[in-house]
Structures are given as structure tokens and as C-alpha cells.
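K.L.:
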Amino acid sequence: PPPPPPPPPGPSSINTMSSATNKGPKLTPPSVFTSDCRRTDKFVQEVKLNIGANLDDFKNEWAKIAYTLSFMKEGTASSWAMKYIEDYEKLASPSTKADRSKDSWDEFIAWRDHKDANPKLQQGRSSVDDYITKFEDLARYTEFNDAALLEYFKKGLNWDILHAIIHLPTPPSNYTNFKTTAIQEDLLQQQATAEKSWRFCSAKPIYPDNPAP
641 PPPPPPPPPG PSSINTMSSA TNKGPKLTPP SVFTSDCRRT DKFVQEVKLN IGANLDDFKN
701 EWAKIAYTLS FMKEGTASSW AMKYIEDYEK LASPSTKADR SKDSWDEFIA WRDHKDANPK
761 LQQGRSSVDD YITKFEDLAR YTEFNDAALL EYFKKGLNWD ILHAIIHLPT PPSNYTNFKT
821 TAIQEDLLQQ QATAEKSWRF CSAKPIYPDN PAP
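Residues in the sequence shown are numbered from 641 upward in steps of one, following this note's numbering.
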């Protein structure tokens, strides 16, 4: 039987692709990024310059993302990049991985910047369950300890829920218990809102279709 087709290029091969097929001007490669927030803007600009000058080497968004990851080799940035690549490799099939190549490099950079600053995720109109899902999707690439996770989680939680929790006789003191209590409080508030709405509708006078003369 014929040999199987070669696997698609991974991040390591994309790292060297630019130098092998470069048709644009030769630029200084980006400096290694360590997650120092003081260098984030400079690093992003260096990557943009290299990608923009060699667009023929970057056929899709994943190629840009992989190129960026290849310079995140030290410190927290290295751990974050490794986790991102591991998640990519865990995808079930080549077709699923192909879908990942549609990820936007601009969104990836915005996400990366989000890790360097205090998370700004807000619960807004979503349920606490949905807020937790989005929060943990962001938090899993960080190295925040329990105390930091709890602090950022509370900052994004809606005030009415946070206010109810911190005024409990014994408020939860760790991240896991705080999440559980927030879910419970969200359900209680939803039930209270539904009951208030039902009472309001029930209190309205009911006029018969054919009132007596």
C-alpha cells in the first residue's frame, strides 16, 4: 500500500518556515516573549512586522498563531503556549484541527493580552453557569492561585449576586465554594424574579369577554 500522507506542519516546523521560504525583506525576528506585560505591545508589533512582510509564508490564521507561539519560550508565556498547543493536539480528528486553523490571529493576540492584565470578563446578562464556563476557559491558561482566581471571579460577578454572598452569615472563603454559592444564589434570584412576575400578572383584574350590561 502507498505510504500515508505526511502530517500537517506543526508549530515547530512553522517556526522555521519563514526563513526557508521567505520572499519578503529580511527582518529581525521577534524577541523571545516571557509574558512581561511591559513588553507585550513591542512583541506584538515585532510579530506583526514579520508576518506582514512575509504574507506568502502565512497561508492561514493558524500559521500566524503558531509562528507567534514559537517565540513564547520562557516564563509564564512558555507555560501558556504549551497549554495552547496541547489543547490543539488533543482535538479529535484532522478535520477538527482544520477548523482550528480558522481561528483569528487578531482574536488570539487579544486573548494573549487579556492574560497579561487583570481579566475583564463580566457576567452581564448571562447566567452564573455561563459566566463560570467563560471565566474558567480564560483562567486555565494562567498560573493564578486560588486567591487570585477568587478575586478576579468576584470582580466580574454581577453586584446583586456578589452582594448577597458577601452578606451571608458565613461567606465562602475559597474559589470553589464561592462558585457553588454563586450558582445557588443565581437560581434563588431567578426564582424570586419569576415569582414576582407571576404575582404581578395574577394581581391584574380579569375582565370577561362579554361583561354583563
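Positions of the beta carbon are idealized from the N, C-alpha and C atoms, including for glycine. For clarity, every value in this text was computed on a predicted model and none was experimentally measured.
Is Ala-822 near Leu-797, with beta carbons less than 8 Å apart?
P.N.:
Yes, the Cβ-Cβ distance between Ala-822 and Leu-797 is below 8 Å.
K.L.:
Grouping DSSP H, G and I as helix and E and B as strand, with all else coil, what is Thr-810?
P.N.:
Three-state result, Thr-810: coil.
K.L.:
Kindly indicate which three-state DSSP category Thr-680 falls into: helix, strand or coil?
P.N.:
Correct three-state label for Thr-680: helix.
K.L.:
Among Ile-805, Gln-763, Asn-817 and Val-687, which residue has its Cα nearest to the Cα of Ala-867?
P.N.:
The requested residue 867 is not part of the displayed model; the chain covers only 641 to 853.
K.L.:
Counting C-beta neighbours from all protein chains within 10 Å, is the total for Glu-685 16 or more, i.e. buried, or is it exposed?
P.N.:
For clarity, residue 685 is Gln in the given sequence; the question names Glu instead. It counts as exposed.
K.L.:
By Cβ distance, which residues of its chain are closer than 6 Å to Tyr-815, with the 5 residues on each side in sequence left out?
P.N.:
Cβ within range, chain order: Asp-786, Leu-789 and Leu-790.
K.L.:
Roughly how many angstroms lie between the CA atoms of Ala-832 and Glu-825, to the nearest whole one?
P.N.:
Answer to the nearest angstrom: the Cα atoms are 10 Å apart.
K.L.:
How far does the alpha helix (DSSP H) with Gly-764 in it reach, from first residue to last?
P.N.:
Element bounds for Gly-764: n/a, residue is neither H nor E.
K.L.:
Please look up how many angstroms separate the CB atoms of Thr-716 and Ser-675, rounded, as I've assumed it's under 8 Å.
P.N.:
The pair is a contact, with the Cβ atoms about 4 Å apart (cut-off 8 Å).
K.L.:
What's the gap between the Cα of Val-672 and the Cα of Lys-688?
P.N.:
Computed Cα separation, rounded: 14 Å.
K.L.:
Would you say Asp-800 and Gln-829 are within 8 Å of each other, going by their C-beta atoms?
P.N.:
Against a cut-off of 8 Å, the Cβ pair of Gln-829 and Asp-800 comes out as a contact.
K.L.:
With DSSP as the reference, label Glu-714 as helix, strand or coil.
P.N.:
Glu-714 falls in the coil class under three-state DSSP.
K.L.:
Got a sec, what are the start and stop residues for the alpha helix (DSSP H) Val-768 sits in?
P.N.:
Looking at the DSSP string, the run of the alpha helix (DSSP H) that includes Val-768 is 768-779.
K.L.:
Give the straight-line distance between the Cα atoms of Ala-834 and Leu-827, rounded to the nearest whole angstrom.
P.N.:
Approximately 11 Å between the Cα atoms of the pair.
K.L.:
Return yes when the Cβ of Pro-670 is within less than 8 Å of the Cβ of Phe-698, no when it is not.
P.N.:
Cβ atoms of Phe-698 and Pro-670: not closer than 8 Å.
K.L.:
With a threshold of 16 other CB atoms inside 10 Å of the CB of Leu-709, please say whether the residue is buried or exposed.
P.N.:
Burial call: buried.
K.L.:
Between Leu-667 and the rest of its own chain, which residues show a CB-CB distance below 7 Å, the 5 nearest in sequence each way excluded?
P.N.:
Excluding positions up to five away in sequence, the list reads Leu-689, Asn-690 and Ala-693.
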